[in-house]
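This report refers to the structure that appears directly beneath it.
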Amino acid sequence: MTFRKSPTEDELVIFLKEGRVQLPPLCLEVEEGSPLRRGGGPDAFVRMDWDGRRYRFVVECKRLWTPKALSETIEQARRYARPPDFYPLVVVPYLPASRLTELETAGVSGIDLCGNGVVVVPKELLVYRSGCPNQFRSEDEIKNVFRGNSSLAARVFLLVPEYKSVQAAEREIQRRGGSITLPTVSKVCKSLESMLVIERKRGEGSSARQLRLLQPDKLLDLLETNYVPPAVTDTIRGKTKLSAQAFREKLKFSRRSGSRMVQTGFGSVGNYAVMATEPMQYFYASDIARTLEALGDAFEAGDRFANIMLSETKDHTVYFDERPGFVASPLQAYLELARGDKRSKETATQIRRAILEPLERLLAGDR
1162 MTFRKSPTED ELVIFLKEGR VQLPPLCLEV EEGSPLRRGG GPDAFVRMDW
1212 DGRRYRFVVE CKRLWTPKAL SETIEQARRY ARPPDFYPLV VVPYLPASRL
1262 TELETAGVSG IDLCGNGVVV VPKELLVYRS GCPNQFRSED EIKNVFRGNS
1312 SLAARVFLLV PEYKSVQAAE REIQRRGGSI TLPTVSKVCK SLESMLVIER
1362 KRGEGSSARQ LRLLQPDKLL DLLETNYVPP AVTDTIRGKT KLSAQAFREK
1412 LKFSRRSGSR MVQTGFGSVG NYAVMATEPM QYFYASDIAR TLEALGDAFE
1462 AGDRFANIML SETKDHTVYF DERPGFVASP LQAYLELARG DKRSKETATQ
1512 IRRAILEPLE RLLAGDR
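Under the working numbering, the residue at position 145 of the sequence shown is numbered 1306, and the numbers go up by one with no gaps.
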C-alpha cells in the first residue's frame, strides 16, 4: 500500500466541506454558516439524517490519531458539545479499532478518511464501521520505536521509571552498555508520550522536561508484540572442558579483544525463573573470529558432545543491560521466552512478574 501524507487540520475541514468525510449509511453535511475553522472555536457544525431524524454535531479536527492526541481531541469536542442540540464529533485521518472503542466508550463520535468510524447518539443511534486499512503515514514518529537501537530508549524505562530529563535517560542507556543519540532518545520519548506510556512535564524551576513511566505493563506488551529476534550472521557449536565459571573467565579475554559477549535470553533463564534446560550454554558474540581466538584451546569446535553454542550478531539490544557473569538482562530473557513454545511462555510469565512488580510498587508509592 502507498501511504499518503497526513492532512493538516485545515485540509480536514476542507474535506468536510467537500463531502469527503462520510460514514454510510449516514449522510454528513456541513451546515451553512458553519465556522470552518476560525480561531478560538469548533472547526465546523454538521448534520446527519437517519430514519426521519436529524442529528447535529460540533466537530473538532485533528491531524494526529495517537492515544494522547485523540484523548485531547475528545475532551475538546466535549467542551464544545451541547447535547441534545449538538453532539461531539472528531475527525482524524485514521481510526484503528482501539481508538474506535475508546470513542464509543467515551460517548463521542469519530470518523476518519479511510472509511472507519463510530457515530453515537445516546439511547438513539449507534453506527460502527472498522477494518479499513490506514492510508496515511505519520511523519512525526520513528517507524517503530520498539525495535532495533531505538528500543533502548523504551527499554530503559523498565529499569528506571523516572528521569529528570532526556539527557538523563540517554546517560542511563550509555551506562548500561547501550549506544544511542540524544535526538533518537527524544523522538522515542515523544512517541511514548503520544501513546500515553510515559508523561513529560516541566519540573519546577527547570526548562528540562521530566519523564515518568505511566503504564509499565503496556510498555512491556508493546516491546513483546514488536520484538524481532536479532539477526544472526554466523553460528558455531563446540565443547569446552572448563567449568561454567572458568569458561566465563576465558570470555573476559574475548571482551578485551573487542568482541562483545553475553548469554542469550534463553540461556540466561535460570537466573530469573525456574525452568529445566539442557546443559548447552548459548551465547551471543559480536565477532566470533575474535572470540574463538581469545578462547584458544578452551573451545573445540564441532557438533560431537557440544555444550557451547556461539551466535554472531551485532544487534546492540542483546548486549544492553548485561548482568554479571555475561548474563542477559531479564527483559531480553522475557522477550525471547515469550516467543517460544508453551513451556517457554509459561516461564516467561515468571520473569514478567519480576520485571513489573517492583515498578508497580515504586510508581504506586509516588502517587
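Backbone N, C-alpha and C fix where the C-beta goes; we use that ideal spot for every residue, glycine too.
| Check | Outcome |
| --- | --- |
| Own chain residues within Cβ distance below 6 Å of M1162, not counting five before or after | Its pLDDT being 47, under 50, M1162 is placed unreliably by the model, and the measurement read from it follows with that caveat. Excluding positions up to five away in sequence, the list is empty. |
| V1346 (DSSP reduced to helix, strand or coil) | helix |
| Limits of the beta strand (DSSP E) - the one that T1396 falls within | 1395–1400 |
| Reference L1287; option with closest CA among L1357, W1211, I1359, Q1296 | W1211 |
| Best match in D1464, G1428, E1518 for proximity to R1484 [C-alpha to C-alpha] | G1428 |
| Beta-carbon proximity check, S1420 vs S1447, cutoff 9 Å | yes |
| Spatially closest choice to T1401 from S1167, I1469, T1227, by CA coordinates | I1469 |
| Where the alpha helix (DSSP H) through E1410 begins and ends | 1405–1417 |
| Option nearest L1187 by Cα separation, candidates R1181, M1209, P1203, G1194 | M1209 |
| Rounded separation between P1244 and E1385 - CA only | 42 Å |
| N-terminal and C-terminal residue of the beta strand (DSSP E) that K1443 is part of | According to the sequence provided, residue 1443 is Tyr. The question's Lys does not apply to it. Taken as a continuous stretch (DSSP letters only), the beta strand (DSSP E) holding Y1443 covers 1442–1446. |
| Sufficient close CB pairs (3 or more, under 8 Å) joining the segment 1407–1425 to the segment 1435–1445 | yes |
| Cutoff 7 Å; reference D1464; Cβ partners in own chain excluding five residues on either side | R1398 |
| Nonlocal neighbours in the same chain, by C-beta distance under 7 Å from I1341, ignoring five residues either side | N1310, L1313, A1314, E1331, I1334 |
| For E1323 and R1373, believed in contact at Cβ under 8 Å, the rounded distance | 5 Å |
| As assigned by DSSP and simplified to three states, the class of G1108 | The chain is shown from 1162 up to 1528; residue 1108 falls before or after that span and cannot be answered. |
| Cβ-based neighbour list, A1499, same chain, cut-off 7 Å, excluding 5 preceding and 5 following | E1385, K1506, A1509 |
| 7 Å CB neighbourhood of K1475 in its chain, flanking five on each side removed | S1447 |
| Residue from E1170, V1317, E1265, L1496 with nearest C-alpha to Y1388 | L1496 |
| Cβ separation of L1231 and P1254, assumed to be a contact under 8 Å, to the nearest whole Å | Not quite, the Cβ-Cβ distance comes to about 11 Å (not below 8 Å), so this is no contact. |
| Residue span of the beta strand (DSSP E) that contains Q1424, given as start and end | 1422–1424 |
| Residue from A1450, L1343, G1278, I1516 whose Cα sits closest to the Cα of D1382 | I1516 |
| CA-to-CA distance, L1250 to E1193, given in whole angstroms | 17 Å |
| Own chain, CB closer than 6 Å to Q1511, minus 5 neighbours either side, in chain order | A1434 |
| N- and C-terminal bounds of the beta strand (DSSP E) containing E1205 | With the sequence shown as reference, residue 1205 is identified as Ala, and Glu is not the correct amino acid for it. It spans 1205–1211 - the beta strand (DSSP E) in which A1205 sits, taken as one unbroken run. |
| Distance CB(N1277)-CB(R1298) smaller than 9 Å | no |
| Per-residue burial, R1260 [other beta carbons within 10 Å of its own, 16 or more giving buried] | buried |
| D1378 to Q1237 span [Cα, whole Å] | 28 Å |
| Proximity below 9 Å, CB of P1168 to CB of R1224 | yes |
| R1451 versus A1329 - alpha carbon distance | 34 Å |
| First through last residue of the beta strand (DSSP E) which encompasses Y1248 | 1248–1252 |
| S1404 classed as buried or exposed, judged by whether at least 16 other C-beta atoms fall within 10 angstroms | exposed |
| Environment of R1513 [buried if 16+ CB atoms lie within 10 Å] | buried |
| Exposed unless 16 or more other CB atoms sit within 10 angstroms - verdict on Q1493 | buried |
| Neighbourhood of L1177 by C-beta, 6 Å cutoff - its chain only, sequence neighbours within 5 removed | V1191, A1205 |
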